[in-house]
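So the structure is just underneath, and the comments pick up after that.
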Amino acid sequence: MSNVVVITGAATGLGRATALKLAASGYRLVLVDYNEADGAKTTADAKALGAEAIFVKADVSNETDVQNYVTKAVEAFGSIHYFLNNAGIMIPFRLLHEYDGNEYDRIMNINLKGVFLGIKYVIPVMLENEGGTIVNTVSSNSFKPTAYNGLYSATKHAVLGLTKSIGQDYQSKNIFAVGVAPNNMQTNISASAAVTYTEEVGQAIGATTPPNISATAEEVAEAMVFAMTNGKLLTGSVVNCAGGQILI
Ligand SMILES: NC(=O)c1ccc[n+]([C@@H]2O[C@H](COP(=O)([O-])OP(=O)(O)OC[C@H]3O[C@@H](n4cnc5c(N)ncnc54)[C@H](O)[C@@H]3O)[C@@H](O)[C@H]2O)c1
20 MSNVVVITGA ATGLGRATAL KLAASGYRLV LVDYNEADGA KTTADAKALG
70 AEAIFVKADV SNETDVQNYV TKAVEAFGSI HYFLNNAGIM IPFRLLHEYD
120 GNEYDRIMNI NLKGVFLGIK YVIPVMLENE GGTIVNTVSS NSFKPTAYNG
170 LYSATKHAVL GLTKSIGQDY QSKNIFAVGV APNNMQTNIS ASAAVTYTEE
220 VGQAIGATTP PNISATAEEV AEAMVFAMTN GKLLTGSVVN CAGGQILI
């Protein structure tokens with residue numbers, strides 16, 4: 020049965036909500052995060068809903084950790100049919116010239132290299148398996164930056180590029196990739212950006228963001244499941260959860 024799903028960033032927010040949505044539907048889950056306590060909680064909750072599930076602690080920006088979660092998935096369940104490449108961070112709101120090199124490296128390593136490494140090690144498993152679908156969590160910032168968010172936006176533009184490339188390069192091999200783009204989703208991710216929040220930043224964000232409807236992680240999880248189960252139809256494209264923003 021094609022039901023093995025690897026989810027990165029499964030400890031909290033969208034990854035957790037998607038894991039719990041899949042848990043009651045017969046999927047076998049490999050839940051990955053560097054937050055061990057909350058990752059273990061998602062795993063226990065998924066099992067309580069009836070899923071077979073394992074937790075693998077991993078920093079998605081660390082190549083050895085990525086190889087390890089892929090290996091553990093195959094050891095536990097034999098293959099990987101769906102890969103929800105979802106872990107991501109925000110960093111403090113700043114103008115581009117105010118960021119330092121360490122902040123640049125951190126967000127590029129997690130949001131872009133982490134996504135690339137997942138793709139790099141999962142695709143050979145999918146090739147062996149003669150197919151699979153990858154869902155990359157992109158963002159409304161993959162299309163249009165919000166103010167004071169230039170590096171985050173650059174990572175999400177790049178992940179959209181990776182998604183399109185998979186759509187183009189692997190279609191004939193039955194490997195598909197779909198982006199899911201949350202916009203204003205109620206999770207903890209913006210807490211690390213908000214440390215530099217001021218009235219001026221808030222006004223600039225408001226001015227660069229058209230009216231939008233915020234969504235819960237549980238609502239966006241519906242889009243994750245739709246994307247992963249419709250890879251052939253949607254490959255190379257994005258399910259926009261934009262809440263009224265016109266992005267493309
Ligand atoms: N919340 C929003 O408004 C919004 C909007 C657009 C896109 N997104 C994207 O949604 C995805 C999920 O974020 P969320 O909103 O659920 O936030 P979240 O902070 O609740 O979830 C992110 C998860 O990723 C994990 N993570 C972060 N860095 C990691 C690393 N190096 N290795 C392993 N795990 C790591 C965190 O521990 C956490 O469990 C992210 O890619 C984010 O960029 C969120």
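For the sequence shown, my numbering assigns the number 20 to the initial residue and increments by one for each residue that follows. Idealized CB from N, CA, C, for every residue including glycine.
Task: Residues bridged to L156 (per DSSP) - done: In the sequence shown, counting from the first residue as 1, residue 156 sits at position 137. For clarity, residue 156 is Thr in the given sequence; the question names Leu instead. T156 is bridged to V199.
- [ ] In angstroms with no decimal places, state the Cα-to-Cα distance between A213 and F135.
- [x] Looking up residue 213 in the sequence shown gives position 194. Looking up residue 135 in the sequence shown gives position 116. Approximately 27 Å, taken between the alpha carbons.
TODO: With a threshold of 7 Å, establish whether the CB of A236 neighbours any heavy atom of ligand 1.
DONE: Position 217 of the sequence shown holds residue 236. Yes, since a heavy atom of ligand 1 falls inside the 7 Å radius drawn around the Cβ of A236.
Task: L48 burial status per 10 Å Cβ neighbour count (16 or more: buried) - done: Stepping through the sequence shown from its first residue, residue 48 is reached at position 29. A residue is called buried once 16 or more other Cβ atoms fall within 10 Å of its Cβ, and L48 is buried on that count.
TODO: Give the range of the beta strand (DSSP E) segment to which D52 is assigned.
DONE: Locating residue 52 in the sequence shown gives position 33, where the first residue counts as 1. Where D52 is concerned, the enclosing beta strand (DSSP E) stretches over 47-52.
Task: Separation of V199 from V257, as counted between CA atoms - done: Position 238 of the sequence shown, counted from the start, is the residue given in the question as residue 257. Position 180 of the sequence shown, counted from the start, is the residue given in the question as residue 199. Cα to Cα, the separation comes out at about 5 Å.
TODO: With a threshold of 7 Å, establish whether the CB of T62 neighbours any heavy atom of ligand 1.
DONE: Here residue 62 is taken as the residue at index 43 of the sequence shown, counted from 1. Incorrect: T62 has no Cβ contact closer than 7 Å to ligand 1.
Task: Distance between A36 and A242 (C-alpha atoms, nearest Å) - done: By one-based count along the sequence shown, residue 242 stands at place 223. By one-based count along the sequence shown, residue 36 stands at place 17. Between A242 and A36, the C-alpha separation is close to 11 Å.
TODO: State the DSSP-derived secondary structure class of V134, mapped to helix, strand or coil.
DONE: What you label residue 134 is simply residue 115 of the sequence shown in a count that begins at 1. Looking at V134 - three-state DSSP - the assignment turns out to be helix.
Task: Rounded separation between A42 and L68 - CA only - done: Translated into positions along the sequence shown, residue 42 becomes position 23. Translated into positions along the sequence shown, residue 68 becomes position 49. Taking the straight line joining both Cα atoms gives about 6 Å.
Task: Terminal residues of the alpha helix (DSSP H) in which F96 lies - done: Indexing the sequence shown from 1 puts residue 96 at position 77. Start and end: 82-96.
Task: Coarse secondary structure for L103, derived from DSSP in three states - done: Along the sequence shown, read from residue 1 onward, the residue named residue 103 stands at position 84. Three-state result, L103: strand.
Task: Any non-hydrogen atom of ligand 1 closer than 7 Å to I129 Cβ - done: As a first step, residue 129 must be located in the sequence shown, where it is residue number 110. Yes - ligand 1 has a heavy atom lying nearer than 7 Å to the Cβ of I129.
TODO: Please report the residue range of the beta strand (DSSP E) in which E71 lies.
DONE: Residue numbering aside, residue 71 sits at position 52 when the sequence shown is read from its first letter. First-last of the beta strand (DSSP E) with E71: 71-76.
- [ ] Identify the continuous alpha helix (DSSP H) that holds T248 and give its terminal residues.
- [x] Indexing the sequence shown from 1 puts residue 248 at position 229. Run containing T248: 236-248, per the alpha helix (DSSP H) assignment.
Open item on the list: Would T62 and A72 be called neighbours here (beta carbons separated by less than 8 Å)?
Closed with: Walking along the sequence shown from the start, residue 62 turns up at place 43. Walking along the sequence shown from the start, residue 72 turns up at place 53. Against a cut-off of 8 Å, the Cβ pair of A72 and T62 comes out as a contact.
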